[in-house]
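Remarks on the structure that follows.
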Amino acid sequence: DIQITQSPSSLTASVGDRVTITCRASQSISNYLHWFQQKPGKAPKLLIYAVSNLSRGTPSRFSGTGSGADFTLTIRTLQPEDFATYYCQQTYTTPRTFGQGTKLEI
Amino acid sequence: EVQLVESGGGLVQTGGSLRLSCVASGFTFSSEWMSWVRQAPGKGLEWVANIKEDGSEEYYVDSVEGRFTISRDNAKNSLYLRMNSLRAEDTAMYYCAKDGAFGVQNYWGQGTLVTVSS
Chain V
55 DIQITQSPSS LTASVGDRVT ITCRASQSIS NYLHWFQQKP GKAPKLLIYA
105 VSNLSRGTPS RFSGTGSGAD FTLTIRTLQP EDFATYYCQQ TYTTPRTFGQ
155 GTKLEI
Chain P
246 EVQLVESGGG LVQTGGSLRL SCVASGFTFS SEWMSWVRQA PGKGLEWVAN
296 IKEDGSEEYY VDSVEGRFTI SRDNAKNSLY LRMNSLRAED TAMYYCAKDG
346 AFGVQNYWGQ GTLVTVSS
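Chains as they are written, first to last, in our numbering: chain V, 55 to 160; chain P, 246 to 363.
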């Protein structure tokens, strides 16, 4: 199985800050890396698919980069509604695997 | 608008069985792979299984292989997860999700909670 290591596990930031979350896969996964946002008590929501493609409704302050096995989610100019938990996921092979999550707190 | 509505969760004893259902609307169900993803209380996301559009292929995470069965009824726009030999570690919110390009889960239901207890 492909392991995904996501860091940091938690992050404290302020409105207006720029933050970066990283995911490293245990092998190359091409561009099969995606990012989700989850708020308490809610289902996850797809933010970015295939490394850098914004899902419908995702604000442009979110961006994704990377290739091979190393990937990054960047949020520019944090807004109050961005405080949530973020997960990356690979779909290069089954089983699909998620990173451990990053809790972004104020 | 894509909608996925799960049902069938509840409290079940260790070793028991449960069948989850998910009714889909707002897209052509028979043309899409579908998945189940779960989340134990306070923990991260775990992909459980997926199934091809016509039901001819199924894939599972190792921890449920042989105990869980994913299936679908395209005439009823419904996805199912039959769970047997349930263990305490299967306690989780179970989400039904539609797979999109690149196999990513691009739409999710609200989830149904399964609690396994002795």
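We put the beta carbon where it would ideally sit given N, CA and C, even for glycine.
Because the structure is a prediction, the values reported are computed rather than measured.
Name the residue from the options whose alpha carbon lies nearest to the alpha carbon of residue i.
| i | options | result |
| --- | --- | --- |
| V/GLN92 | V/PRO62, V/THR145, V/ASP136, V/THR151 | V/ASP136 |
| V/LEU158 | V/GLN143, V/ALA138, V/LEU101, V/PRO98 | V/ALA138 |
| P/GLU303 | P/TRP292, P/SER316, P/GLY356 | P/SER316 |
| V/VAL73 | V/THR112, V/GLN154, V/SER117 | V/SER117 |
| P/THR336 | P/GLU246, P/SER280, P/VAL309, P/CYS267 | P/VAL309 |
| P/SER330 | P/PRO286, P/LEU263, P/ALA285 | P/LEU263 |
| V/GLN154 | V/LEU100, V/CYS77, V/SER114 | V/CYS77 |
| P/ILE296 | P/LEU326, P/SER252, P/LYS321, P/GLY287 | P/LEU326 |
| V/PHE125 | V/THR112, V/ALA79, V/GLY70 | V/ALA79 |
| P/GLY253 | P/TYR352, P/GLY300, P/TYR340 | P/TYR340 |
| V/CYS142 | V/HIS88, V/ASP71, V/GLY70, V/VAL69 | V/HIS88 |
Please confirm whether residue i and residue j have their CB atoms less than 8 Å apart.
| i | j | result |
| --- | --- | --- |
| V/LEU127 | V/TYR146 | no |
| V/PHE152 | P/TRP278 | no |
| P/GLY354 | P/VAL250 | yes |
| V/ILE83 | V/GLN144 | yes |
| P/SER323 | P/LEU256 | no |
| V/VAL105 | V/GLY122 | no |
| P/LEU265 | P/THR357 | yes |
| P/GLN248 | P/SER280 | no |
| V/LEU100 | P/GLN258 | no |
| V/PRO149 | P/VAL306 | yes |
| V/ALA67 | V/LEU132 | yes |
Residues in the same chain with beta-carbon distance under 8 Å from residue i, minus the five sequence neighbours each way, listed in chain order, please.
| i | result |
| --- | --- |
| V/LEU65 | VAL73, ILE75, THR156, LYS157, LEU158, GLU159 |
| V/GLY70 | THR131, LEU132 |
Between residue i and residue j, how many whole angstroms is the CB-CB distance? I'm expecting something under 8 Å.
| i | j | result |
| --- | --- | --- |
| P/ALA333 | P/VAL282 | The pair is not a contact, with the Cβ atoms about 19 Å apart (cut-off 8 Å). |
| P/SER276 | P/GLU246 | The pair is not a contact, with the Cβ atoms about 17 Å apart (cut-off 8 Å). |
| P/LEU290 | V/PRO98 | 6 Å |
| P/PHE274 | P/ASN319 | 6 Å |
| V/ARG130 | V/ARG110 | That belief does not hold up - the Cβ atoms of V/ARG130 and V/ARG110 are roughly 19 Å apart, past 8 Å. |
| V/ILE56 | V/GLN81 | 6 Å |
How would you list, in chain order, the residues of chain P whose beta-carbon sits under 8 Å from the beta-carbon of residue i?
| i | result |
| --- | --- |
| V/GLY202 | Outside the displayed range of chain V (55 to 160) lies residue 202 of chain V, so it cannot be described from this structure. |
| V/ALA104 | ALA346, PHE347, VAL349 |
| V/THR151 | TRP292 |
| V/SER109 | ASN351 |
Can you pull the chain V residues whose beta carbon is under 8 Å from the beta carbon of residue i, in chain order?
| i | result |
| --- | --- |
| P/GLY354 | ALA97 |
Compute the minimum distance between the beta carbon of residue i and the heavy atoms of the ligand PLP, and state whether it is under 7 Å.
| i | result |
| --- | --- |
| V/ALA97 | Within the structure as shown, the ligand PLP is missing, as the structure has no ligands at all. |
For a contact meaning CB atoms closer than 7 Å, what does residue i contact in chain P?
| i | result |
| --- | --- |
| V/PRO94 | Near V/PRO94 there are no residues of chain P at all, since even the closest Cβ is about 11 Å away, more than 7 Å. |
| V/THR145 | PHE347, GLY348, VAL349 |
| V/TYR141 | GLY289, LEU290 |
Interface residues of chain V around residue i at Cβ under 9 Å?
| i | result |
| --- | --- |
| P/VAL306 | ASP55, THR148, PRO149, ARG150, THR151 |
| P/TYR340 | ALA97, PRO98 |
Chain P partners of residue i, CB-CB under 9 Å?
| i | result |
| --- | --- |
| V/SER61 | Those do not exist, as V/SER61 stays about 14 Å from chain P at its closest Cβ, beyond 9 Å. |
| V/TYR86 | PHE347, GLY348, VAL349 |
I'd like the list of long-range same chain contacts for residue i, defined as Cβ closer than 6 Å, with 5 residues on each side in sequence excluded.
| i | result |
| --- | --- |
| V/ASN85 | ALA104, VAL105 |
| P/MET338 | GLN284, GLY356, LEU358 |
| P/ARG312 | ASN329, SER330 |
| V/THR112 | LEU101 |
Please return the same chain residues whose Cβ sits closer than 7 Å to the Cβ of residue i, not counting the five positions on each side in sequence.
| i | result |
| --- | --- |
| P/GLY300 | SER316, ARG317 |
| P/THR314 | ARG327 |
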